[in-house]
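*Asks:* Dropping a structure here in structure tokens format, bear with me for questions.
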Amino acid sequence: TIPHKLAIMEKLDLVSEDAKAIGAVNTVIPRPGHLVGAPEKEVVLEGENTDWIAIKTLCERHLSPLQLESPDLTALVLGAGGSARAALYAMHKLGAKHVLLYNRTLSNAQKLAAECPAEWGVEVVDSLAAVGGEGRRPSAIVSNVPADGTAVEGSAESEGAGVVLPLSILSNPAGGVAIDMSYKPALTPLLKLTQQANEAAQVSSGNKKLWTGVPGLSILVEQGCEQFAIWTGHEAPRAAVEEACWRQYLSQQ
-17 TIPHKLAIME KLDLVSEDAK AIGAVNTVIP RPGHLVGAPE KEVVLEGENT DWIAIKTLCE
43 RHLSPLQLES PDLTALVLGA GGSARAALYA MHKLGAKHVL LYNRTLSNAQ KLAAECPAEW
103 GVEVVDSLAA VGGEGRRPSA IVSNVPADGT AVEGSAESEG AGVVLPLSIL SNPAGGVAID
163 MSYKPALTPL LKLTQQANEA AQVSSGNKKL WTGVPGLSIL VEQGCEQFAI WTGHEAPRAA
223 VEEACWRQYL SQQ
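Using the working numbering, the first residue of the sequence shown is number -17, and each one after it goes up by one.
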């Protein structure tokens, strides 16, 4: 995690273009020097980032083809900390044309947005109340904010919370996917909000599930499976890995 994802970069021989764009490495790959243009070295260390791959993969898994191909695909990224840049990059690679960025401290969001290439389409919003209106209805949401600093609007916990989540951020009538990078607790405020949205949709129109909430543990599993494939050349037994991770995780709750 941060700061190690940053500090490791200067120790490596190579860094992938994706990791360079994000500015962080979470995977180190030993490669034979003669295969990567460095015959003088027996082993070359290459840095990669699989966080963004996990985010993009889970979005693709839970969004419809129509949503993914939409010329107006909109995303919302919460937070401007360590994993936010990977989330922004993932939304860009996903094909989002509008990427809204919100952070409790506006200046930090503005600084992060200024560091991103213009083609990423990052737009800072100073309030979550501004999200959900025409042209600002995200299909994909990624929260990089600690769960204990967030609360659902109207809940008992909302008073004093750093980030208060209004139901309006889930106003896209086609639904979407909401990913919480925080894996404690298992049911974060953002995931509770998706449940509220689904309950409201069922009451109003009979739709059972418009929004898919993705917990942080699923991100850990996904990026770990990607690392396994990079290191071994084989696909990880994803279902077995996820089942084992959840079993261990829930046993500690």
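For every residue, glycine included, the Cβ atom is placed at its ideal position computed from N, Cα and C.
Bear in mind that the values here come from a model prediction, so they are computed numbers and not experimental data.
#1: Can you find at least 3 beta carbon pairs, one from the segment 118 to 138 and one from the segment 161 to 179, that sit closer than 8 Å?
#2: Would you call Val104 buried or exposed, if buried means 16 or more other Cβ atoms sit within 10 Å of its Cβ?
#3: Residues in its own chain within less than 6 Å of Ser150 by CB, not counting five upstream and five downstream?
#4: Considering Ile123, what are the terminal residues of the beta strand (DSSP E) in which it resides?
#5: Below 8 Å, how does it come out for the segment -10 to 9 and the segment 24 to 43: are there three or more Cβ pairs, yes or no?
#6: Taking the runs of the alpha helix (DSSP H) that are 4 residues or longer, which of them lie wholly in the segment 161 to 190?
#7: Got a sec? Which residues, its chain only, sit under 6 Å from Leu83 by beta carbon, not counting five neighbours each side?
#8: Could you compute how far the alpha carbon of Ala182 sits from the alpha carbon of Ile161?
#9: Go to Gly195, then tell me how far its beta strand (DSSP E) extends in each direction, as first and last residue.
#10: Does the structure place the segment 217 to 232 close enough to the segment 189 to 206 that three or more beta carbon pairs sit under 8 Å?
#11: Which residue's Cα is closest to the Cα of Pro(-15): Val(-3), Asn8, Ala72 and Glu(-1)?
#12: Residue range of the beta strand (DSSP E) that Glu28 falls in?
#13: Judging by CA-CA distance, which residue of Arg43, Glu141 and Ser137 is the nearest neighbour of Ser121?
#14: Can you tell me whether Leu(-6) is helix, strand or coil according to DSSP?
#15: Indicate the three-state DSSP secondary structure (helix, strand or coil) for Arg43 in the structure shown.
#16: At a cut-off of 8 Å, would you count Ser89 as near the ligand ATP, judging by its Cβ distance to the nearest heavy atom?
#17: Measure the C-alpha to C-alpha separation of Leu(-12) and Val185 and round it to an integer number of angstroms.
*Replies:* Let's see:
#1: yes
#2: Numbered from its first residue, the sequence shown carries residue 104 at position 122. Buried is the call here.
#3: On the sequence shown, position 168 is the one that residue 150 refers to. So the qualifying residues of the chain are Gly114.
#4: Start at 1 with the first residue of the sequence shown, and residue 123 comes out as number 141. Looking at the DSSP string, the run of the beta strand (DSSP E) that includes Ile123 is Ala122 to Ser125.
#5: yes
#6: For the alpha helix (DSSP H) assignment, the uninterrupted runs of no fewer than 4 residues enclosed by the segment 161 to 190 are, from N- to C-terminal side, 171 to 187.
#7: Counting from 1 along the sequence shown, the entry for residue 83 is found at position 101. The residues are Val59, Ala91, Ala95, Val104 and Val106.
#8: Start at 1 with the first residue of the sequence shown, and residue 182 comes out as number 200. Start at 1 with the first residue of the sequence shown, and residue 161 comes out as number 179. Their Cα atoms are separated by approximately 20 Å.
#9: Within the sequence shown, residue 195 is the residue found at index 213, counting from 1. In the DSSP annotation of this structure, the continuous segment of the beta strand (DSSP E) that includes Gly195 starts and ends at Trp193 to Val196.
#10: yes
#11: Numbered from its first residue, the sequence shown carries residue -15 at position 3. Residue Asn8 is the option with its Cα nearest to Pro(-15).
#12: Here residue 28 is taken as the residue at index 46 of the sequence shown, counted from 1. Here the beta strand (DSSP E) through Glu28 covers Val25 to Glu30.
#13: Taking the first residue of the sequence shown as position 1, residue 121 is located at position 139. Closest by alpha carbon: Arg43.
#14: As a first step, residue -6 is located in the sequence shown; it is residue number 12 there, counting from the start. Residue state, collapsed to three classes: coil.
#15: Along the sequence shown, one-based indexing puts residue 43 at 61. DSSP, read as helix, strand or coil, puts Arg43 in helix.
#16: Inclusion of the ligand ATP in the displayed structure is not the case, the ligand content being empty and no account of it being possible.
#17: Locating residue -12 in the sequence shown gives position 6, counting from the first residue. Locating residue 185 in the sequence shown gives position 203, counting from the first residue. Cα-Cα distance, rounded: 47 Å.
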